[in-house]
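Written below as structure tokens is the structure these notes are about.
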Amino acid sequence: MYENTEDYKQVTLGLATLTLIDAKKLYDIAGCRNAVDLFCGAGGLSHGLEMAGIKILLANDNFKQACTTYRNNHPGTLLIDGDINDENTRAKIFKSLNGKEIDLICGGPPCQGVSVEVEYLFDDPRNSLFKMFVEIVKSINPKYFLMENVEGLLTLNEGRTYNSIVQYFEEIGYDVKGYKLLAAEYGVPQKRNRVFIYGILKEINISPTQLLPERYFEEEDNQMRLLKKDRKKQRFVSVKEALSDLPKIDMDGGEEILRSRIEKLTSYQMLMKEIVDFEEFFKLRSLELES
Numbered sequence: 246m247y248e249n250t251e252d253y254k255q256v257t258l259g260l261a262t263l264t265l266i267d268a269k270k271l272y273d274i275a276g277c278r279n280a281v282d283l284f285c286g287a288g289g290l291s292h293g294l295e296m297a298g299i300k301i302l303l304a305n306d307n308f309k310q311a312c313t314t315y316r317n318n319h320p321g322t323l324l325i326d327g328d329i330n331d332e333n334t335r336a337k338i339f340k341s342l343n344g345k346e347i348d349l350i351c352g353g354p355p356c357q358g359v360s361v362e363v364e365y366l367f368d369d370p371r372n373s374l375f376k377m378f379v380e381i382v383k384s385i386n387p388k389y390f391l392m393e394n395v396e397g398l399l400t401l402n403e404g405r406t407y408n409s410i411v412q413y414f415e416e417i418g419y420d421v422k423g424y425k426l427l428a429a430e431y432g433v434p435q436k437r438n439r440v441f442i443y444g445i446l447k448e449i450n451i452s453p454t455q456l457l458p459e460r461y462f463e464e465e466d467n468q469m470r471l472l473k474k475d476r477k478k479q480r481f482v483s484v485k486e487a488l489s490d491l492p493k494i495d496m497d498g499g500e501e502i503l504r505s506r507i508e509k510l511t512s513y514q515m516l517m518k519e520i521v522d523f524e525e526f527f528k529l530r531s532l533e534l535e536s
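Okay, structure coming up:
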């Protein structure tokens, strides 16, 4: 446990944490005001959405340690911990959401099967969690859904698995589009590709491309161009920029409270601690890169 004047928070460095700069599109363009986060883990996706102004009404996961972290960071969210394959867990979810109009359901269910046709997609036991995600979306019928997965989903089984997923969601009334996004291009200090699949009810006159995040960061090879005064992008955020404020501890050092006074935070750390907003962060970081 960490304790200092800045108060550490456990936050998952997932792609969604900095997509808050364009999760704002879900708030501003799509009108999303609330969300349900399935397979929530430690809460990275929830955190990004909350920073964009979207309230997380309910979350679910089956990993005990992740649920503990989630509860610490999201005390205002109802967390239902349990296997979503279990009928009792799903019953709790539906009961808790009964009568509520849900704007967004998001999550990252595994989908590892190699079924060719949509009618066989759910027959593969490896797709059981994905099946539960789809069934909950179908039952609750939110205005939007956002599904995260590994980059290989787009090419798995020569693309037929992805096409089957799109076909199924289209059959239950959604316009669907998947994109491969590189985390580092959106401010996360991690060169990791993830696939995000956007779904929008067909009667809503918004295209998934309107909600696609904009790239704010590029490889360091472009640094000289990026240092021009008219630059619109910056080089990738480094791990040091993100984690240099953490106290040094010994491996297996126990759970004692540590105190750490940080003389100066990086602009990224200030953003993560919500001391500054994204526009202020971007300006401050420009000065850091020029110094």
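Numbering (this note's numbering), first residue to last: 246 to 536. Don't be surprised by glycine CBs; every beta carbon is placed ideally from N, CA and C.
In terms of Cβ geometry, residue 399 and residue 425 form a close pair [threshold 8 Å]. In this structure the segment 431-439 does not touch the segment 408-416; the number of beta carbon pairs closer than 8 Å is below three.
Remark: C-beta atoms of residue 344 and residue 282 do not approach each other more closely than 8 Å. Secondary structure in the segment 298-344: the beta strand (DSSP E) runs of 3 residues or longer, each lying completely within the stretch, are 300-306 and 323-326 in chain order. Straight across, the Cα-Cα distance linking residue 414 with residue 379 is about 8 Å. Counting C-beta atoms within 10 angstroms of its own C-beta, residue 404 has fewer than 16 neighbours from the protein chains shown and is therefore classed as exposed. Cβ-Cβ distances below 7 Å link residue 295 to 301 in the same chain, with the five nearest sequence neighbours on each side left out; the list follows chain order. Taking all protein chains in view, the Cβ of residue 482 is crowded by 16 or more other Cβ atoms within 10 Å, so the residue is classified as buried. In the structure shown, residue 478 falls within a coil segment according to DSSP collapsed to helix, strand and coil. Judged by DSSP secondary structure, residue 527 falls within the alpha helix (DSSP H) whose first and last residues are 523-535. Spanning the alpha carbons of residue 319 and residue 308 requires a straight line of approximately 16 Å.
Distance check between residue 372 and each of 406, 386 and 322 places 406 closest, using alpha-carbon atoms only.
Ranked by how close their Cα comes to the Cα of residue 316, the residues 478, 525, 512 and 289 have 289 in first place. Comparing alpha-carbon positions, the option among 374, 395 and 291 lying closest to residue 328 turns out to be 374. Note: residue 269 is not bridge-paired with any residue in the DSSP secondary-structure output. A direct Cα-Cα distance of roughly 21 Å separates residue 383 from residue 326. For residue 423, the enclosing beta strand (DSSP E) covers residues 419-427. The Cβ neighbour count for residue 291, taken over all protein chains shown within 10 Å, is at least 16; the residue is labelled buried.
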